[in-house]
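So for the sequence shown, this note's numbering puts the first residue at 61; every next one is plus one. Quick reminder that beta carbons are idealized off the backbone N, C-alpha and C, glycines included. Single-structure report; data block below.
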Amino acid sequence: MKKITTLLFTAFMLFGLSGSLMGQEQIYIEDFEDGTVGYTTSVAEFNDGDGDFFTRTDGSGLGGYTVSNVQGTYFFAAMDLDGDGENSEQTLTFSDINIAGYESLELRVYLAEDDDGTNQDWDAGDFVHFDYDIDDSGTFTELLWVENPGGTNAAPQIDTDFDGIGDGTEITDTFAQFTPSISGTGGSLDLKITIKLDDGDTDIAIDNVEIWGTSTGGSPTQLAVTEINGGNSPSVDTSFDVVVQAQDGSGTPLNVSSDTDITLSLGTGNGAVGGTLTGTISNGTNQTTITGVTYNTAESGVTVTASDDASGLSSGTSSSFEVLEAAGKLVIKDFPSNGIENATINSFTVEAQRNSDNSIDLNYSEDITISKASGSGSISGTVTKSAVNGVATFNDISFDQVDSYTIDATDGTLTSATSSSISVAEAPKLIISEVADPGDIFEGRFVELFNAGSSTIDFSSDTYYFVKQVNGGTIYETQLTGSVDPGETYLLADQADFNANYGFNPDLDIADANANGDDAYWLATDGTDDASLKSNIVDIYGVVDIDGTGEAWEYEDARAVRKNNISSANPTWTSSEWMITSADVADMTPGERFELEISGTEGWRIVTAPISNKTYDDLLGNIWTQGITNSDAPSNGTPNVQVFDGSGFNAVGNLASTMNAGIGFITYVYSDDDYDGSAEGFPKTLSVSGTANTGTVTPTLTSGADAWTLVGNPYTSTIDWDDLGKTDLTVTVYVYDHSYGTINGGGNDVAADVGESTVGGYRTWNGTVGSLTDGLIVPFQGFWVQNASSGSPALTIEEADKSTGGTFYKESQDAPVAIKLHGQMDNMYSESFLSFTENGEVAKDNFDGLKLSPLDFRPYLSVAIVTGDTKLDINNLPNAFEDELSIPISVEAFATDNEEGTWVNRGGEVTLSWPVMKNLPDEWSVTLNDTKTGAKVNMRTSESYVFDLAETQKAKTGPTMTILNPQPPQAERMAKGGERPRFTVTVTNNSTTNTELGDTPQAFTLEQNYPNPFNPTTSIQYSVAKAGEVQLSIYNVMGQQVETLVSGNKSAGSYRVSWNAANMASGIYYYRLQAGNEVITRQMTLIK
């Protein structure tokens, strides 16, 4: 802090009069006109629009502020600075004004104050002080003071003796110039204006701040290099400044009388100077700063010489200095490891470091840009910062999605040595989901909160206050404790009363949750005081400082429940987010809330209810429903909520009717939720509160062979189809996915928003293969089952069928042999599956899955396996067979004919691939045959086959279709009398093929198998000396024949045959060769 000393003015100095000494020159001026700021301020300039300001201005926007005789257009004004801090002092500082070579210095400044001549507002303590310091002495000297003359509400005056009381010229609303003298000489001058204006309309206006002086005369004789890089060692190839000064023989700075050009050169050193090496000392000044000088070698003892050949000034050489190694790398420092989505992460820095010792290059000042190297979201904030002293600070960076990210830094040449990582978590999404004031028992009051996010909210680190305001007046607050998991509720109530009415305890025992129906509740993040609680609201029910009686949000004798589609907090109560209904204790459902997110586009979904005793409207209340009693449009439109009666779909009779556990239904989901012509889009969230279904569920099934039943997962957890009890049912399950069959449809079991061309299709699973991953059926999902016979079909769903903890674990079993076929055309795709199992059959069997037409009437692609005229999605075949299997494959594409209400064949380019060929035995060959072109493709060495489908426009047989006329499962078939499938897949089992070896043998032999022991394939070589009947068989240790490898006539010769024992148990086996009366037996060992 610089000390203030007193300068006594001579008696003839007249404040308020404009004048100057003979021969004075203007050294400096700040006229505030062009916005080029030649000063610094203690706070950023401001104008709060309410009478407090501290800013450069033309007078506009200051609430009628008026002064005259402005020296141009702009000036600087300040008023009532206590708005920026109680009793605050603010400063304007004009630093390092060059006064070398001048004497008889003088300040010239214009001052005014907005007053009307009668209402003066300056009080004791208000002042404006001009003080100065020469050559950074550390002491500021009084120069020109404006003070209150004593008393209150007075006009400001010049303080001629610096005693804090105005006793000189009065400051009026007309700018007048004041010209105090500055005592002393030197090289630089600092001028500081201190302003303290704390009351009402107390103000000051300042214009044209000027410094004048008289040249001391004389001519410079030499040049001197007075400063290198601000006194710091520069770095290699990094720009630095060189200050060159004109001086007399004693080293006193003197102004030049004409522009003087300066050239820099290397004095001493092993490197070379470069960059900008010339500058000019302008007429009337004594020095210049040459910016952009470089040096290319790291060493000490370097000097630079300044020369001026034209004017005859002697050259000057700098003191020796060291040039340091430049930065060779960027290092990210203090990067946070954790963050929250859309929230500014903790600040971090990027350092420009030297390679040799990791020290910071203080001369480095490049722009550094950070960028995302990995992570799904985007990085926001100021991603490019200029380094200061080798360090760039980033303090407003955020990431917009939950994920793990890495970032890099670069300046275009240097890059960060390593990436830095951060895990960005979801922002807490705690909302008020229900407030209750039962009409019959007031002790049943409670408040329910809900974690709508995907991460646990821990109240020990995430601070929340629950606030109640009674009748818009007294506030009560309680800090929340504990935690709440995603998708779970957090109940607040008086514990004794709540338990007595609902049979369990709330999460927080709190009397403040028993408010009347006209009291407001909210969540806040700062509980310092009432003001903090009001200004840091996260979510609210009601309105702050308002008694709810008669208001739209009053909930007396009722319950207010947050609508299902609201998953974000709102600091402003919004009526459209809430449903308020009269309710008693028996109507309340504290603590239970379950959600289903629907993504994709408009279309049919198969849904079921995991909650007991809930109506269709409870679940579907936030999406558009029509054509049904208690729907949004009961008398208009085709019903879009339908149930299956065993033969077809029928509209639900009343949306107020209760949904049955384990029974599915279909609903057409529109993009527009309220039929106002403006589509809300996807995704949509359905949610329902209540008690989850428990216990065993046995839905009633349709009777009759091959009959279908639409059932559903009755629980709030995923179930495993393979574990369900099934009697007289096929092994295959069918789950409809609105986006399955569309490119980029989201992967297995995931729907995506892919536009109106979304296809939709059935995912299947037979316990071994299929598109429904591992046969897992998620909550809210309906699915189809089909009777296997005309017996007594039954389906039993038990709680033990739930997958453990949301993660599915299957017991280890033999890996199935499987082939997945994948066809792709335009935006559509289709899949079918071949499984090879012990129980498989060439003809249709119970493990086959039908290819079903989509529920939505839209274009689609069909890749299917054909048995007879039936198309299959899954064909379960035997894993042991002679010679080969020939499997017909159908590939067809369909467009919609809306006029005829049917699908018609269409053409186009199709890519058929087989991305999964799992666990195929080595001796199997697999070939795709195109019967139209004759092409044969080895599917073990090739990945795909591209071909063209002809467009026939032939109509597909079936019921009349429209978008809102869905059909129960329609098994696809080949057209009668039409072309047979274009493709076949041929699977050849070469393990039963003998290979003849070498010349004719001279003896009957049987070689030891190789390898031995083996798993699961081994090779056996044998020889016969003459033609005849030959038999090679395998026996177990019990003497039972388990397989015959060779049986038939063989010519004399040597042969090799392979045996695949994949279906055999580990142990000792015997192989026996018989030709005529000769028999040889050997032993081999199978180890699995």
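In this structure S380 is in contact with V362, their Cβ atoms being roughly 6 Å apart against a cut-off of 8 Å. Apart from the 5 residues on each side of it in sequence, F136 sits with its Cβ closer than 8 Å to the Cβ of F92, T115, R116, T117, L152, A265, I266, D267 in its chain, given in chain order. The C-beta of D417 has fewer than 16 other C-beta atoms within 10 Å across all chains shown, which makes the residue exposed. Remark: C-beta atoms of L390 and I428 approach each other more closely than 8 Å. If you check the CB distance, P313 and A160 come in under 8 Å.
By the Cβ neighbour-count rule, P975 is exposed, with fewer than 16 other Cβ atoms within 10 Å of its own.
Judged by DSSP in its simplified three-state form, D783 adopts helix. As a beta-bridge residue in DSSP terms, E230 pairs with Q217. Per DSSP, the unbroken alpha helix (DSSP H) holding Y676 starts and ends at 676-680. Straight-line spacing of the CA atoms in S514 and E486 works out to 7 Å.
F954 is bridged by DSSP to Y920, N965. M1021 and D705 have their C-alpha atoms roughly 19 Å apart.
For the pair Y170 and G532, the Cα-to-Cα distance works out to about 54 Å.
Separation of T987 and V1006 (C-alpha to C-alpha, rounded to the nearest whole angstrom) is 15 Å. Under the 10 Å beta carbon count, D929 is surrounded by fewer than 16 other beta carbons and is classified as exposed.
One thing to note: L384 has its Cβ within 8 Å of the Cβ of A358. Under the rule that a run must span 3 or more residues, the beta strand (DSSP E) segments found entirely inside the segment 641-721 read 654-658, 663-667, 701-704, 709-711. Contiguous beta strand (DSSP E) elements confined to the segment 726-764 occur at 744-748, taking only those with 3 or more residues. The alpha carbon of K904 has as its nearest neighbour, out of T756, D933, L915, the alpha carbon of D933. Among the bridge pairs identified by DSSP, H798 is matched with none. The beta carbon of L422 lies closer than 7 Å to those of N292, N449, G450 in the same chain, with the five residues before and after it left out. In the DSSP assignment, N398 falls within the beta strand (DSSP E) that extends over 398-400. Taking C-beta atoms under 8 Å as the contact rule, V748 and I666 fail to qualify, at a distance of about 17 Å. At a Cβ-Cβ threshold of 8 Å, L972 and L894 do not count as neighbours. Across the structure, T478 and I392 are spaced so that their CA atoms are roughly 8 Å apart.
Closest by C-alpha distance to G1136, out of F502, T404, T609, A1085, is A1085. Remark: fewer than three beta-carbon pairs, one from each stretch, lie closer than 8 Å, so the segment 547-558 and the segment 599-614 are not flagged as touching. When beta bridges are read from the DSSP output, R168 appears opposite E270.
Counting along the chain, the unbroken alpha helix (DSSP H) around F558 starts and ends at 555-562.
Counting along the chain, the unbroken alpha helix (DSSP H) around D590 starts and ends at 590-595. Excluding its 5 nearest sequence neighbours in each direction, F300 has C-beta neighbours in its own chain below 6 Å: N289, P294, V353, listed in chain order. The alpha-carbon of I1128 is positioned some 39 Å away from that of T927. Unbroken beta strand (DSSP E) runs of no fewer than 3 residues, entirely contained in the segment 972-1005, are found at 984-990, 996-998, following chain order. L283 places its beta carbon 8 Å or farther from that of A172. Taking the Cα of W582 as reference, the smallest distance to any Cα among T541, G542, V530, N559 is reached at V530. The beta carbons of Y465 and G435 sit closer together than 8 Å.
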